[in-house]
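Peer 1: Chains as they are written, first to last, in this note's numbering: chain C, -15 to 311; chain Z, 2 to 169; chain P, 2 to 774.
#1: Our contact map puts residue 737 of chain P next to residue 700 of chain P with C-beta atoms below 8 Å; I'd like the distance itself, whole angstroms only.
#2: Would you identify the three-state DSSP class for residue 121 of chain Z, choosing helix, strand or coil?
#3: Cβ of residue 82 of chain Z less than 8 Å from any chain C Cβ?
#4: Take residue 51 of chain P as the anchor and find which of Z:58, Z:116, Z:144, Z:67 has the nearest alpha-carbon.
#5: Look at residue 338 of chain P and residue 376 of chain P and say whether their C-beta atoms are less than 8 Å apart.
#6: Measuring CB atoms only, is the segment 298 to 314 of chain P touching the segment 264 to 282 of chain P, in the sense that at least three cross pairs come out at less than 8 Å?
#7: Using 8 Å as the Cβ pair cut-off and three pairs as the minimum, do the segment 489 to 497 of chain P and the segment 624 to 635 of chain P touch?
#8: Given a cut-off of 8 Å, decide if residue 93 of chain C and residue 13 of chain C are closer than it, judged by their beta-carbon atoms.
#9: Alpha carbon to alpha carbon, how far is residue 109 of chain P from residue 256 of chain P? Give it in angstroms, no decimals.
#10: Under 8 Å, do residue 220 of chain P and residue 64 of chain Z count as touching if we go by C-beta distance?
#11: Count the C-beta pairs between the segment 751 to 762 of chain P and the segment 57 to 64 of chain P that are closer than 8 Å, then say yes if the count reaches three, no if not.
#12: Taking 7 Å as the limit between beta carbons, can you name the residues of its chain near residue 619 of chain P, skipping five residues before and five after?
#13: Of all the CB atoms in chain Z, is at least one closer than 8 Å to the CB of residue 212 of chain C?
#14: Can you list the residues of chain P that residue 223 of chain C reaches, using a CB-CB cut of under 8 Å?
#15: Does residue 664 of chain P have its Cβ less than 8 Å from a Cβ in chain Z?
#16: For residue 103 of chain P and residue 41 of chain Z, what's the separation of their Cα atoms in angstroms?
#17: Opposite residue 320 of chain P in the DSSP bridges: which residues?
#18: Taking the C-alpha atoms as reference points, what is the distance between residue 292 of chain C and residue 539 of chain P?
#19: From residue 512 of chain P to residue 742 of chain P, what does the alpha carbon distance come to, in whole angstroms?
#20: In the DSSP assignment, the alpha helix (DSSP H) including residue 615 of chain P goes from what residue to what residue?
#21: If you measure beta-carbon to beta-carbon, which residues of the segment 193 to 223 of chain P are closer than 9 Å to chain Z?
#22: Flag residue 166 of chain Z as yes if its beta-carbon sits less than 8 Å from any beta-carbon of chain P, otherwise no.
#23: Taking the continuous beta strand (DSSP E) assigned at residue 468 of chain P, which residues delimit it?
#24: Output, in chain order, the set of chain P residues within a Cβ distance shorter than 8 Å of residue 251 of chain C.
#25: To be precise: take each residue of the segment 658 to 689 of chain P, compare its Cβ to all Cβ atoms of chain C, and keep it if any distance is under 7 Å. Which residues remain?
#26: Tell me, please, which residues DSSP counts as bridged to residue 418 of chain P.
#27: When you compare only the Cα positions, how much space is there between residue 229 of chain C and residue 449 of chain P?
#28: Which class does residue 393 of chain P belong to by DSSP, given the choice of helix, strand or coil?
#29: Restricting to runs no shorter than 4 residues, where is the alpha helix (DSSP H) found entirely within the segment 37 to 118 of chain C?
#30: Of all the residues that make up the segment 58 to 72 of chain Z, which are near chain P by a beta-carbon distance shorter than 8 Å?
#31: Is the Cβ of residue 14 of chain C closer than 8 Å to any Cβ of chain P?
#32: Where does residue 555 of chain P sit, in a helix, a strand or coil, going by DSSP?
#33: For residue 178 of chain C and residue 145 of chain C, which I take to be in contact (beta-carbon distance under 8 Å), what is that distance rounded to the nearest angstrom?
#34: How is residue 130 of chain Z classed by DSSP in three states: helix, strand or coil?
#35: Any beta-carbon of chain Z closer than 8 Å to the one on residue 301 of chain P?
#36: Shortest alpha-carbon distance to residue 390 of chain P belongs to which of P:747, P:27, P:771?
Structural data, given as structure tokens:
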């Protein structure tokens, strides 16, 4: 790790001011991600700004209109433990309780979790891969068991967050402050497949800071489920995960959000599966048929064809579980 | 939470240093640290507290677990300078007057350790769990200890020790 | 005492060696099965548990000396390359950097084990040493690392074992005829006539089974801290073998062995990979010697996983032939292992095929390839854990082909003789292990509908039960020495030169000494892990520590007791035979009366200490001593996702007398858990295009967490093996890892009704088995 100057800020606005001054400045919150990158020489900021003293960015609030606001500095452990939140959006507790470890959940913040870089072993290793400005994605023709089955960019890495697919299924919005004030975007506007000009999965500008995510009242309607497959029973990133939030009225699917994690550069919302459900009588057959389309368009790589079946099966289970049906 | 820039290859400047006060095991320690120093490095290399172990330096093994305001965290991924004003508990802070803490006693009695390298971290994870939940179920015990790898495989005995502490 | 030099024959993998054993005096009579023991055999918490649980135990990593430099390594990113030039100028200018070692300033610095330069002109694998930075702090050394500019000339490489053995493959070592690890490979073994055996069979099955490279990942990495005081080099080494480390350091630094002092107080795991000082320890010693400052070099986790060894991956192909009634007529095995780049010992994967089951016709061909990927090192039951899994999966395949109960097939082919050199086994309790473990897991109901389909036939869950067998040595042997000292206050010091890797060695040796000296455990202190003050003990490997050092300690304690009683007899005029030591006191055996504490007599001798020596005697050469056992596993497979959960493991191992049931059970559980990692989660991933490992860390190389661990139940034997040694104990380190993977693989095959052709059983692999036509 290279030496750096360190300072603290007590608000997001102060952070933005600090970010606009120096070129290689990083914001630190929980620190697990930033220090991992710095130790691997993947980041070398000359200034590090500690956002933790900005207390108003922390906490979970429920508005009268039924929406939920989660401050960017809220830890995953706080989400896991918040009983009121678990009642409103059980999918969030399901998503975070199998994420990482108790220690990391005590450290990791919502904002930092969304802003994680990929865990692709070529990206994290000493390879100048495409995401790091190189001319090739090493995983594409190499070891790619954990990588994308959908070809959304020259890079086949996947976003590691468990929280993000769940938040996407809840129609979450991300609140951002920058030099030009505040803005709010949908989560799938923050997380986007990388492009040659923007070689990362997040669209946040270098001088912006996330302040909160909010979930609209409609987002938490109905029931939710998050199912994650790992190749060890804890402390592993998802092989595939599925998040579903489903509203059923009078036996018919009224609203559905279905999202897959770890199958593409960013969490993948399955609009066509949702459309196959909405307005239909909820039956096991309907769900099975809809879920069968979960991996349509997938182009698996040498070592990850298993994700196709896993994606379909987890989609089926998550929808049924969200609808309160035992699979 | 902000995009970091790619590293530059400039020769680094002299390391930034700062005088800080840490509260470790109830004691105030005034110390001069580099801004980049992790809490683990400061504990081990500057304060002589070697109970927290360096097993991976990447938050992937759990041997460096300490308590920060009662919550388990990986000290290899915490900057020391950010821990001012927080209560830091290391394994050296368990027990008093030369006596082992009941958690440590249970671990010895149940043989919940082999080589001992992960043991301080395991003890602190058990402590944080019991402080929050004095009567954990088996599933809660396993979840609480899931962030501490034990390569020797003392897991069965760790469960037994934790169960006994949970009054079972 | 007169010295005797006894020549005995020692057999290892069918080869017979002569061994000379120096004995001074006689070993005591064996503790028989009915021996009346008060300390030995009792569950006893570790005597050093307090240190381990309080953070006070000092590991090599924890040694901090004034003025100490910390070393960090720069390693080759290439699988094979010539190191053309190294520019260290920018790195040297980094604050705190004191020296940078490279091949250009370490001439003549070699690893004495293989004679190779530590910093070679050619690097043979990703992760081989290229430079080491020594700085005031670790952080400073790390900062300098990326500033070293190395010019490499990449050379052709090969990382896959089978590819390496093909004609025209790039040579790992130029000038060799092929990439076999040495002239002794491939190793071919034949017994009887395999072709005839196959021809005589009613049923022949062919199976393939692959295992992956497993990384030891001891939580404390390899390395050491070293100090040179102008005459003595002290190395605090994370080693399983302090005397081996001493020998290596002396040779590497051109010192006499009496100038090298190796200390290993506590160590954070070894599992076979730390038999010596290793390059990191040698580098620390070399740098301390040259720079005159203390140096610590502990590998980073990445260095550890690239350069500190691995369990060989294997590709095993079996052809088994049997009569309709299950009688084996032939075992034909071809196996290919991957040695990595550095020459040395390589384990046979074929031992189970040669030894485990009764079969007159056996042929094994064992290939071991040199490749440009890391360097293999021993890992808990090396070769045997892999080979047993392959063999027992093949046996289950045969059972299915015969439509026979797999356990019945094993029973049918049980052998009471060691078939490699035809000799009887001293003891064999395997059939009893089968029976008791089968009863415990409910073998008889393994095919019951309700058990196999816990959510019904339409549900996605399938359960299965499988088993596998185990054979291993573990009888230990000479040389191993010990000294027992009784101090004037009646307390005792037992001096050995062994190592406690976390197995509880210190505790069981204290129990043995306390038993013979009639002392409470608290009055016995066991010294180990220091070459300077100890006496020779063998490396702590091969499950031979207790069975080698234990008898030496016992003999020393018996001798010390004998001397003590003679002295007390002189002091009291009571006949020696009437005296007895018990609970730290002297008793009159006839009257049963206490005559005073031991200290009240020894304190009369003006400081004289009773000092007695013990040594391990030779093994019997008319019988073969082995540990046997079996494990049974129950698993649940989700056929929708391929996820396997291990529900239960029953472990039945006969390791002779159990000195300490508490630490014994920890050993067994630990072995099962490592076997479960091998079966379920652990895999090194190689990018063959680049010739590199892509997961040299604990995030992507997955060792089991507590949540991966099922209930593990032990079937206890605890019977003195009176042939083995004077304490009747065999080693328990390796036996428990041997059958775990096979038992789990067979349970999964039972659950899904499909062949299992490799491990680890991660969901992707299991989905693959399910889709195999």
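For each residue, glycine too, the CB sits at the ideal point set by N, CA and C.
Peer 2: With the structure as the only source:
#1: With 8 Å as the limit, residue 737 of chain P and residue 700 of chain P do not qualify as a contact, their Cβ atoms being about 27 Å apart.
#2: helix
#3: yes
#4: Z:116
#5: no
#6: yes
#7: no
#8: yes
#9: 14 Å
#10: yes
#11: no
#12: 7, 9, 22, 479
#13: no
#14: 764, 765
#15: yes
#16: 30 Å
#17: P:207, P:333
#18: 53 Å
#19: 33 Å
#20: Careful: residue 615 of chain P lies outside any alpha helix (DSSP H), inside the beta strand (DSSP E) at 611 to 616.
#21: 217, 218, 219, 220, 221, 222
#22: no
#23: 462 to 473
#24: In chain order: nothing, as chain P lies at least about 19 Å away.
#25: 682, 686, 688
#26: P:425
#27: 38 Å
#28: helix
#29: 60 to 65, 67 to 72, 74 to 81, 86 to 91, 94 to 98, 105 to 108
#30: 58, 59, 61, 62, 64
#31: no
#32: helix
#33: Rounded, the Cβ-Cβ distance is 16 Å, inconsistent with contact.
#34: helix
#35: yes
#36: P:747
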